[in-house]
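In this note's numbering, the protein residues as written are 76 to 657. By construction, the Cβ of each residue, glycine as well, lies at the ideal position given by its N, Cα and C atoms. Being a predicted model, the structure only gives us computed values, none of them experimental. Step one of this worksheet: look at the structure below.
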């Protein structure tokens with residue numbers, strides 16, 4: 076490589092620009108957006124040609140939105156009513172708007188991540204550019220951030236949390252740009268889509284009111300900054316006020332003492348929170364911890380820990396002097412940490428502590444990791460100027476650039492699990508089609524995991540299911556837990572009259588079973604069902620004793636009205652008629 080070629084390559088990579096929309100910058104922005112489109116498309120490729128597919132969290136938060144197209148669906152459905160009740164107004168309104176065009180919510184949720192990923196790419200590029208005004212650096216930082224998002228299923232879910240990141244990134248950009256419009260519009264959208272993160276935004280605005288001068292914390296003397304923060308905090312107050320005053324029919328929020336008594340919150344529980352291992356509980360628990368493992372993905376993000384070192388040696392790493400607005404990153408760490416601690420203190424009033432660190436820390440760590448990579452790459456080119464101009468030494472530049480490009484662009488996506496989507500694939504299409512033709516008030520019951528996807532695939536209600544056993548609101552979970560215990564007892568009772576009584580009380584129409592469900596091993600290996608005691612242990616004892624047959628199992632052959640592979644659909648009306656033959 077000639078000296079001129081090296082200079083041109085250096086200019087291509089490291090030229091500073093004043094504005095993000097300059098022609099040189101737009102090339103890098105388009106490359107960033109391309110990656111933002113590529114990752115969700117790779118996810119869609121995994122489900123190409125599959126008729127029945129739904130994202131894991133969408134099974135909870137989106138299935139009920141079929142009511143927007145047909146209000147008669149899920150009548151008197153505890154589960155649908157609950158998830159509709161807790162849905163943020165902006166999130167549900169968006170899908171209601173889509174329903175005007177007869178777009179099925181589940182189908183729409185499959186493609187929404189593409190749009191969200193584009194918005195994330197654009198917003199993160201703009202925000203990163205405010206940290207280091209070199210387009211290629213913004214490309215590297217944003218690409219690492221995108222990869223972090225797509226190693227997890229937040230964006231893929233199309234749930235309210237999927238909208239958080241693009242909205243919050245634009246809020247941060249607006250604050251750094253001191254733009255009233257781009258600060259307040261995202262702030263309002265946060266209130267409509269993900270209200271708890273209005274607290275994080277408020278923390279940022281509070282910290283904006285202060286400045287460090289002469290190593291002392293003082294009131295910010297910039298009137299524009301103060302005005303932006305004060306108005307923003309007033310907006311935040313009115314956004315949060317309805318949630319503070321809301322008396323939900325499914326409330327109140329579970330308390331710490333109540334949660335300690337519920338199996339769902341214990342290790343291996345449905346919503347595992349309390350853990351014996353301190354490190355996991357504080358640093359890596361999916362609900363209780365900072366979630367360090369999720370933040371430090373992909374592996375290149377570990378280079379973030381070099382950031383304090385390179386900023387300490389500004390003379391050695393000259394590009395560090397061009398880094399600006401780093402205060403906003405510090406404010407993110409401070410606010411996230413403070414809310415994390417506060418959420419633990421008043422558990423579970425602010426829902427889960429992990430949400431306050433995961434989203435703010437992953438953004439900060441990913442973007443700073445990209446900056447560290449870029450600073451080190453620039454230092455490498457700087458060193459090349461001081462070595463001999465021999466061709467063999469100049470040839471080092473190209474392999475290094477290719478290696479960096481491979482590590483950033485290629486290495487993460489060749490992992491067969493990338494992107495992680497969390498899709499649930501339906502394997503019983505004939506069963507779904509049969510249930511779709513049943514009356515809209517049909518109520519199904521099953522202990523199988525297939526049960527969790529039935530509301531999404533069939534638009535018919537289920538009596539209870541693991542996916543819907545969310546224990547944060549006692550008004551909901553106490554009823555859910557009661558009906559689950561009753562369901563287990565009825566499923567394995569040996570007395571026909573008890574089974575029939577349950578059917579009359581619950582109005583269950585169909586029971587979905589397979590051969591394994593009537594074995595003790597099925598119950599012993601089912602962590603979720605084992606949270607409901609003593610009913611599950613009693614059922615295990617009944618199955619092991621074999622002195623009396625299980626009533627439902629005895630009627631399986633006689634009352635099965637449909638089979639699909641290993642699944643049988645037992646008709647409750649037939650079970651009730653069995654009373655006449657008893």
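Residues in the same chain with beta-carbon distance under 6 Å from residue i, minus the five sequence neighbours each way, listed in chain order, please.
i	result
residue 202	244, 247, 248
residue 388	none
residue 510	533, 535
residue 551	157, 325
residue 281	none
residue 84	none
residue 186	none
residue 358	364, 365, 367
If we count the other Cβ atoms within 10 Å of its Cβ and call it buried at 16 or more, is residue i buried or exposed?
i	result
residue 535	buried
residue 101	exposed
residue 132	buried
residue 650	buried
residue 565	buried
residue 95	buried
residue 223	buried
residue 310	buried
residue 611	buried
residue 261	buried
residue 621	exposed
residue 86	exposed
residue 200	buried
residue 82	exposed
residue 136	buried
residue 276	buried
residue 588	buried
residue 116	exposed
residue 67	The structure shown does not extend to residue 67, since the chain is modelled only from 76 to 657, so the question has no answer here.
residue 318	exposed
residue 279	buried
residue 485	exposed
residue 623	exposed
Please go through the same chain and pick out, in chain order, the residues whose beta-carbon is closer than 7 Å to the beta-carbon of residue i, but skip the five residues on each side of it.
i	result
residue 657	At residue 657, the pLDDT of 46 sits below 50, so the modelled position is not reliable; the number obtained from the coordinates is stated separately. Counting only Cβ-Cβ distances below 7 Å, and skipping sequence neighbours, we find 571.
residue 395	385, 386, 389, 450
residue 655	A caution first: residue 655 carries a pLDDT of 45, below 50, which makes its placement in the model unreliable, though a value can still be read off. Taken in chain order, the list of residues that qualify is empty.
residue 636	644, 646
residue 103	210, 211, 213, 214
residue 378	444, 447, 448
residue 573	565
residue 526	537, 540, 587
residue 439	404, 407, 408
Helix, strand or coil: which one does DSSP assign to residue i?
i	result
residue 41	Residue 41 is absent from the structure shown; the chain starts at 76 and stops at 657.
residue 503	coil
residue 403	helix
residue 286	strand
residue 655	Unreliable placement is indicated for residue 655, whose pLDDT of 45 sits below 50; the coordinate value is still reported in the next sentence. It is helical.
residue 537	strand
residue 196	helix
residue 84	helix
residue 511	helix
residue 520	strand
residue 498	strand
residue 395	helix
residue 130	strand
If you compare alpha carbons, which of the options is closest to residue i?
i	options	result
residue 161	407, 339, 268, 476	268
residue 229	497, 448, 372	497
residue 489	373, 405, 569	373
residue 166	180, 176, 153	180
residue 599	627, 614, 155	614
residue 542	220, 560, 523	523
residue 609	593, 596, 556, 582	556
residue 518	560, 580, 478	580
residue 458	105, 501, 393	393
residue 593	630, 577, 558, 582	630
Any heavy atom of the ligand MG within a distance shorter than 6 Å of the CB on residue i?
i	result
residue 436	Annotation note on the ligand MG: not contained in the displayed structure, which lists no ligands.
Going by beta carbon distance, what residues of the same chain come within less than 8 Å of residue i, once the five residues before and after it are set aside?
i	result
residue 92	99, 100, 208, 209, 210
residue 475	452, 455
residue 273	262, 265, 266, 311, 314, 315
residue 147	515
residue 362	346, 347, 348, 427, 428, 429
residue 642	503, 506, 523, 525, 587, 588, 589
Does the beta carbon of residue i sit closer than 7 Å to a beta carbon anywhere in chain C?
i	result
residue 567	Considering every chain present, this structure includes no chain C. It has just one protein chain.
* Could you name each continuous beta strand (DSSP E) segment of 3 residues or more that falls completely within the segment 581-651, going from the start of the chain to the end? => 585-588, 635-639, 642-646
* List in chain order: all unbroken beta strand (DSSP E) runs of 3+ residues lying wholly within the segment 243-329. => Segments of the beta strand (DSSP E) lying fully in the segment 243-329: 285-288, 291-294.
* Contained beta strand (DSSP E) runs [length at least 3] in the segment 145-173, N- to C-terminal order -> If we require 3 residues or more, the segment 145-173 turns out to have no beta strand (DSSP E) run fully inside it.
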